[in-house]
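Peer 1:
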Amino acid sequence: MHQKTLVELSADLRKGTCSSEELTRACLDRISSYDGELNCFVTVVEQQALAAAKAADARIKAGTAAPLTGIPFAHKDIFCTRGVKTSCGSRMLDNFIAPYDATVTRKLLEAGAVMLGKTNMDEFAMGSSNETSFYGAVKNPWDAATVPGGSSGGSAAAVAARLVPASTGTDTGGSIRQPAALCGITGIKPTYGRVSRYGMIAFASSLDQGGAFTRTAEDAAVMLAAMAGFDERDSTSVDRPVDDYMAGLNAPLQGLKIGLPKEYFGEGLDAGVAAAIEAALDEYRKLGATLVDITLPNTHLSVPAYYVVAPAECSSNLSRFDGVRFGYRASEPQDLEDLYTRSRGEGFGDEVKRRILVGTYALSAGYYDAYYLQAQKVRRLIRDDFLRAFEQVDVIMGPTAPSVAFKLGEKADDPVSMYLSDIYTIAVNLAGLPAISVPAGFSDGLPVGLHVVGNYFDEARLLNVGHQYQQATDWHTHSPQGF
Amino acid sequence: MEWETVIGLEIHTQLATSSKIFSGASTTYGAEPNTQACAVDLGLPGVLPVLNADVVRMAAKFGLATHSTVARRSVFDRKNYFYPDLPKGYQISQLALPIVHDGYLDIDLEDGSSKRIGITRAHLEEDAGKSLHESFHGMTGIDLNRAGTPLLEIVSEPELRSAREAVAYMRKIHSLVRYLDISDGNMQEGSFRCDANVSVRPLGQQEFGTRAEIKNINSFRFVEQAINLEVERQIMLIESGGMVVQETRLFDPDRHETRPMRSKEEANDYRYFPDPDLLPVELDDEFIEAVRNTLPELPDARKARFVSEHGLSDYDAGVLTATRELADYFEAVVVASGGLGKLSANWVMGELSGALNKSDGDINDSPVSAAALGVMLQRIEDGTISGKLAKQVFEAMWNGEGSADEVIEQQGLKQISDSSAIEAIITEVLHNNPQQIEQYRAGQQKLFGFFVGQVMKATQGKANPKQVNELLKKLLES
Numbered sequence: 000m001h002q003k004t005l006v007e008l009s010a011d012l013r014k015g016t017c018s019s020e021e022l023t024r025a026c027l028d029r030i031s032s033y034d035g036e037l038n039c040f041v042t043v044v045e046q047q048a049l050a051a052a053k054a055a056d057a058r059i060k061a062g063t064a065a066p067l068t069g070i071p072f073a074h075k076d077i078f079c080t081r082g083v084k085t086s087c088g089s090r091m092l093d094n095f096i097a098p099y100d101a102t103v104t105r106k107l108l109e110a111g112a113v114m115l116g117k118t119n120m121d122e123f124a125m126g127s128s129n130e131t132s133f134y135g136a137v138k139n140p141w142d143a144a145t146v147p148g149g150s151s152g153g154s155a156a157a158v159a160a161r162l163v164p165a166s167t168g169t170d171t172g173g174s175i176r177q178p179a180a181l182c183g184i185t186g187i188k189p190t191y192g193r194v195s196r197y198g199m200i201a202f203a204s205s206l207d208q209g210g211a212f213t214r215t216a217e218d219a220a221v222m223l224a225a226m227a228g229f230d231e232r233d234s235t236s237v238d239r240p241v242d243d244y245m246a247g248l249n250a251p252l253q254g255l256k257i258g259l260p261k262e263y264f265g266e267g268l269d270a271g272v273a274a275a276i277e278a279a280l281d282e283y284r285k286l287g288a289t290l291v292d293i294t295l296p297n298t299h300l301s302v303p304a305y306y307v308v309a310p311a312e313c314s315s316n317l318s319r320f321d322g323v324r325f326g327y328r329a330s331e332p333q334d335l336e337d338l339y340t341r342s343r344g345e346g347f348g349d350e351v352k353r354r355i356l357v358g359t360y361a362l363s364a365g366y367y368d369a370y371y372l373q374a375q376k377v378r379r380l381i382r383d384d385f386l387r388a389f390e391q392v393d394v395i396m397g398p399t400a401p402s403v404a405f406k407l408g409e410k411a412d413d414p415v416s417m418y419l420s421d422i423y424t425i426a427v428n429l430a431g432l433p434a435i436s437v438p439a440g441f442s443d444g445l446p447v448g449l450h451v452v453g454n455y456f457d458e459a460r461l462l463n464v465g466h467q468y469q470q471a472t473d474w475h476t477h478s479p480q481g482f
Numbered sequence: 000m001e002w003e004t005v006i007g008l009e010i011h012t013q014l015a016t017s018s019k020i021f022s023g024a025s026t027t028y029g030a031e032p033n034t035q036a037c038a039v040d041l042g043l044p045g046v047l048p049v050l051n052a053d054v055v056r057m058a059a060k061f062g063l064a065t066h067s068t069v070a071r072r073s074v075f076d077r078k079n080y081f082y083p084d085l086p087k088g089y090q091i092s093q094l095a096l097p098i099v100h101d102g103y104l105d106i107d108l109e110d111g112s113s114k115r116i117g118i119t120r121a122h123l124e125e126d127a128g129k130s131l132h133e134s135f136h137g138m139t140g141i142d143l144n145r146a147g148t149p150l151l152e153i154v155s156e157p158e159l160r161s162a163r164e165a166v167a168y169m170r171k172i173h174s175l176v177r178y179l180d181i182s183d184g185n186m187q188e189g190s191f192r193c194d195a196n197v198s199v200r201p202l203g204q205q206e207f208g209t210r211a212e213i214k215n216i217n218s219f220r221f222v223e224q225a226i227n228l229e230v231e232r233q234i235m236l237i238e239s240g241g242m243v244v245q246e247t248r249l250f251d252p253d254r255h256e257t258r259p260m261r262s263k264e265e266a267n268d269y270r271y272f273p274d275p276d277l278l279p280v281e282l283d284d285e286f287i288e289a290v291r292n293t294l295p296e297l298p299d300a301r302k303a304r305f306v307s308e309h310g311l312s313d314y315d316a317g318v319l320t321a322t323r324e325l326a327d328y329f330e331a332v333v334v335a336s337g338g339l340g341k342l343s344a345n346w347v348m349g350e351l352s353g354a355l356n357k358s359d360g361d362i363n364d365s366p367v368s369a370a371a372l373g374v375m376l377q378r379i380e381d382g383t384i385s386g387k388l389a390k391q392v393f394e395a396m397w398n399g400e401g402s403a404d405e406v407i408e409q410q411g412l413k414q415i416s417d418s419s420a421i422e423a424i425i426t427e428v429l430h431n432n433p434q435q436i437e438q439y440r441a442g443q444q445k446l447f448g449f450f451v452g453q454v455m456k457a458t459q460g461k462a463n464p465k466q467v468n469e470l471l472k473k474l475l476e477s
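Chains as they are written, first to last, in numbering that gives the first Met the number 0: chain A, 0 to 482; chain B, 0 to 477.
Structure, rendered in structure tokens:
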């Protein structure tokens, strides 16, 4: 049962060949068998899940089921879930039981999806390896000595290990796509504003976007359809109808114009990854697509700009964690200053502190123009690069990450090298564009992800492009040994 | 040396919306602590602000009423600092692109002239909560009911030259926001408060002196006191060889002084940047014109109209238009009296104001409605009662004894205007005072008053005075 896709399981539930309760129990069993080693989950809500599964079964029987009704899934522990701990991977929120549901949480609840628990993540979504979590590192199911990527490492590893058919994630600089690539699954980050950020704990507000992990693009279409839409509680969400993501999945790719930015295939790209991507591009050629060489000349500015904008916003967003109203509070504070410094000093981990410091510096009087304002200008240049490219091509392709999964601890002490693992994904967040990562073979036995970037609100096309590739290849069906 | 005072005011006025600026929580004053703070006001992880459209309309109204530019595009910024009653660790405000800028207001000076004061800007922001230091032993309580309450911060140019001018300006703004119905202006509840930037310079010098900012003054009287104290302090300091330090000061009315709140070393770098959770506010001409159409008649225009329409003096028109409520009351009296402008003004500013002062109430507390007062004025005009007895009628109305007509009826105050009746009474008075008639006829003209008094006494003041005069003259000379 665990090898079936979300769409297959949805059909089984409807046919009555299995119940949501059976399916939920099967997933919970797998979690208890495997998660001790993988560490994907911070919280598992067994009783709540079984109750939700029974309700879903009743709904299926009543004939009022939505496509996700009865499907077990896991939430990244960044989405607020009423009555359930929402830790954001931090000691700071280890005691935080959210009193309200995020919009995404509510929408999936209304769709009848069955939440099994909350997944491990880099602390406050800051990291590319899931090693900065207060709850310890997550292991990559393909090789327990390697990282699953981050920050949504727990969500990605849980889908890769077939513990759940789907999970949610958030992507600020690549936090869905990079772990999807490193874990050999499909991960989609929609256009900024497509999925509500309400109740999604903010890291960098102008970059954060919720999305989903599944094994196939078709499954991703089902998840995204349930998650997307305008939300009046999020002023940055866009009031525009959600496309029918299923309708166009089977459209042929004949005539599709694929842009290949020369900047994505240069220095720093691992040879094995490059070879897998070349093979994937050949496959697209066979499917009738045309490959066009393009340039995104400001690509080299994206990592520096990102590491000004994201820390600046995070330094302000994380100010509310002060030990006063909720979250971690230092014991026996001597005075207000002591309450602040020790609560924050003890509650936050090193990477979070590093980014708060960088961001505070970037926004300080006398530095604002040189850093923050400059970074915002660079952002415009990067967006303009993409807009020019989309005048020529329909989608842009390249590797999702420069290498396959690296070893646990390998980059933990070298922030810059860690930051470079998001070199291909970051520009997409700066521009606010949608992108998907789909499994595209292996290098040294570890998965490689193909990165497909679309124009604004072109999620349907990305899903179509991913699905057609998955009809022609079987990389997405490979499961890690032992799972 | 002669010194010149330079003052600029930053007035924080709470906008009279029913819900907060970025959340749906209620803004009602005086609720139990923390019962009017929702997830957004508490700054819980994951929540997002959504701008209240009423706030934008109110700010635009203020902008149009002060000849300001209402910005087609304004931006909310985050002002970052840590304080326990600031839940998010930042206040959402507007720095570079405020919603209103470059306007002015004319204030009336004591010598009767008027002065134009520039309004630099008015921006929207959220209020913080309150720290409660009483009744928590060794600890501080936090009440977040006020957190997220909408404020319009109105910043003047440094063009005020005395504490009196500052108060006149503040009063004018206070009156205006109430005219516009965008704030209740309640100073006790903190809905209207100000910071004063004060400096001094030798008279004639162009350059400004170093200023001190006196924070959070919440009454007109305190503004005047605080500024005068600060000016005195600065002049004494400079004249004794010292230098004014740029700092934030607190006014202490009990100790009658201003004193430093925080020193420069603790000065915050607020690290302002545009709030990425909120879109820029973009207003088009259509919106601005729609707001313009909702503007009421403003104090200056109303004052001019009172002068031309009701024949009032500048001074009287100024007094009657000082608040919207008073002006509304006055106009309602005029209507009810059938157009007696001058008489209405005299009564509203005279008897009514006097009675209100005595009872320490304002016009909204008047037990005599404008309509009832207007009817009473009609009774004066149509000769039913004399002006003198009207005061007695008014007092009875004030005490709830009924309408003008009821009081006149009950107390038998109706004026006697029947010539034959008056003549009969006069005849009797003359008959009883033959000696005085002789003296009068012998040239003691002042005795005329004596006879009038006797007639009035006999009629308990109800005889029509004009008729008494005429008839008495006729009979004495016959």
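Virtual Cβ for every residue (Gly too), placed ideally from N, Cα, C.
With which residues is Lys-472/B paired in a DSSP beta bridge?
Peer 2: Answer is none; Lys-472/B lacks a bridge partner.
Peer 1: Hey, would you say Ala-127/B sits closer than 8 Å to Gln-90/B, going by beta carbons?
Peer 2: The answer is yes: Cβ separation under 8 Å.
Peer 1: What residues from chain B crowd round Ser-363/A, counting only those whose CB sits closer than 7 Å?
Peer 2: In chain order: Asp-268, Arg-270.
Peer 1: Using 10 angstroms around the beta-carbon of Pro-398/A, count the other beta-carbons present and answer buried if the total reaches 16, otherwise exposed.
Peer 2: Looking at its Cβ environment, which holds 16 or more other Cβ atoms inside 10 Å, Pro-398/A is buried.
Peer 1: In terms of DSSP beta bridges, what is Arg-270/B paired with?
Peer 2: Answer is none; Arg-270/B lacks a bridge partner.
Peer 1: Let me check understanding here. Comparing Cα to Cα, which of Tyr-168/B, Lys-87/B, Leu-475/B lies closest to Val-428/B?
Peer 2: Of the candidates Tyr-168/B, Lys-87/B, Leu-475/B, the one whose C-alpha sits nearest the C-alpha of Val-428/B is Leu-475/B.
Peer 1: Within 10 Å of its beta-carbon, does Pro-178/A have 16 or more other beta-carbons around it, so buried, or fewer, so exposed?
Peer 2: Its Cβ being crowded by 16 or more others within 10 Å, Pro-178/A is buried.
Peer 1: Would you mind working out which of Val-99/B, Leu-94/B, Leu-123/B sits nearest Asn-51/B, comparing C-alpha positions?
Peer 2: Here the closest residue by C-alpha is Leu-123/B.
Peer 1: Identify, in the order they occur along the chain, each residue of the same chain with its Cβ nearer than 6 Å to the Cβ of Phe-202/A, setting aside the five sequence neighbours on each side.
Peer 2: Cβ within range, chain order: Phe-123, Ala-124, Thr-171, Cys-313.
Peer 1: Check the DSSP bridge columns for Pro-259/B and list the partner residues they point to.
Peer 2: Bridge partners of Pro-259/B: Arg-248/B.
Peer 1: Give the secondary structure of Tyr-418/A by DSSP, where H, G and I count as helix, E and B as strand, and everything else as coil.
Peer 2: Helix, per DSSP.
Peer 1: CB Asp-276/B to CB Ser-436/A, shorter than 8 Å?
Peer 2: Against a cut-off of 8 Å, the Cβ pair of Ser-436/A and Asp-276/B comes out as no contact.
Peer 1: Can you name the residues that DSSP bridges to Gln-444/B?
Peer 2: Paired residues: none, contrary to the question.
Peer 1: Among Pro-464/B, Arg-56/B, Ile-362/B, Asp-361/B, whose alpha-carbon lies nearest the alpha-carbon of Glu-285/B?
Peer 2: Among Pro-464/B, Arg-56/B, Ile-362/B, Asp-361/B, the Cα nearest to that of Glu-285/B belongs to Arg-56/B.
Peer 1: For Asp-321/A, would you say it is in contact with chain B, using Cβ-to-Cβ distances shorter than 8 Å as the test?
Peer 2: Asp-321/A counts as touching chain B.
Peer 1: Please say whether Ile-98/B and Ser-130/B have beta carbons closer to each other than 8 Å?
Peer 2: Going by C-beta atoms, Ser-130/B is not nearer than 8 Å to Ile-98/B.
Peer 1: Taking its Cβ as the centre, do 16 or more other Cβ atoms sit within 10 Å of Met-0/B, making it buried, or is it exposed?
Peer 2: So Met-0/B counts as exposed.
Peer 1: Measuring CB to CB, does Ala-160/A end up less than 8 Å from Pro-479/A?
Peer 2: Contact: yes.
Peer 1: Since Pro-303/A sits in a beta bridge, which residues does DSSP pair it with?
Peer 2: Its beta-bridge partners do not exist; DSSP assigns none.
Peer 1: When DSSP labels each residue in this structure, what does Cys-26/A get in the three-state scheme?
Peer 2: Note: Cys-26/A maps to helix in three-state DSSP.
Peer 1: Is there a Cβ from chain B that is less than 8 Å from the Cβ of Ile-381/A?
Peer 2: Taking Cβ atoms only, chain B never reaches closer than 8 Å to Ile-381/A, which makes this a no.
Peer 1: Using a Cβ-Cβ cut-off of 8 Å, state whether Ser-315/A counts as contacting chain B.
Peer 2: Yes, contact with chain B.
Peer 1: Below 7 Å on C-beta distance, what does Leu-5/A contact in chain B?
Peer 2: The premise fails here: Leu-5/A is roughly 26 Å from chain B at the closest Cβ pair, so nothing lies under 7 Å.
Peer 1: Residues in its own chain within less than 6 Å of Pro-273/B by CB, not counting five upstream and five downstream?
Peer 2: Correct list, in chain order: Val-74, Asp-76.
Peer 1: Step through the CB atoms of chain A and report whether any lies within less than 8 Å of the CB of Gly-42/B.
Peer 2: For Gly-42/B, the answer is yes, since a Cβ of chain A falls inside 8 Å of its Cβ.
Peer 1: Taking CB distances under 8 Å as the criterion, tell me whether Ile-98/A reaches chain B.
Peer 2: As written in the sequence, residue 98/A is Pro, which differs from the Ile given in the question. Yes, its Cβ sits closer than 8 Å to a Cβ of chain B.
Peer 1: Cβ of Ile-91/B less than 8 Å from any chain A Cβ?
Peer 2: No, its Cβ sits nowhere closer than 8 Å to a Cβ of chain A.
Peer 1: So is His-74/A buried or exposed if we call it buried at 16+ other beta carbons inside 10 Å?
Peer 2: By the 10 Å Cβ count, His-74/A comes out buried.
Peer 1: Going by the CB atoms, is the gap between Phe-347/A and Met-114/A shorter than 8 Å?
Peer 2: Contact flag unset, no.
Peer 1: Check Ile-181/B in the structure and name its three-state DSSP category.
Peer 2: DSSP places Ile-181/B in coil when its eight states are reduced to three.
Peer 1: Taking C-beta pairs closer than 9 Å, name the residues in chain B that Ala-200/A reaches, listed in chain order.
Peer 2: What sits at residue 200/A in the sequence shown is Ile, not Ala. Correct list: Pro-44, Gly-45.
Peer 1: Could you give the distance in angstroms between the alpha-carbon of Ala-136/A and the alpha-carbon of Leu-419/A?
Peer 2: Taking the straight line from one Cα to the other gives about 20 Å.
Peer 1: Keeping to the same chain, check which residues put their C-beta closer than 7 Å to that of Ala-329/A; ignore five residues upstream and five downstream.
Peer 2: Closer than 7 Å at the Cβ level, and outside the excluded window around Ala-329/A, lie Gly-322, Leu-338, Arg-341, Ser-342, Glu-345.
Peer 1: Can the beta-carbon of Pro-83/B be found less than 8 Å from the beta-carbon of Asp-40/B?
Peer 2: No, the pair does not count as a contact, with Cβ atoms beyond the cut-off.
Peer 1: Considering only residues of the same chain and omitting the five flanking positions on each side of Asn-196/B, which have a CB-CB separation below 6 Å?
Peer 2: Excluding positions up to five away in sequence, the list reads Gly-7, Arg-210, Glu-212.
Peer 1: Is it the case that the CB of Met-91/A approaches a heavy atom of the ligand COA more closely than 7 Å?
Peer 2: Ligands are entirely absent from the displayed structure, and the ligand COA is therefore not among its contents.
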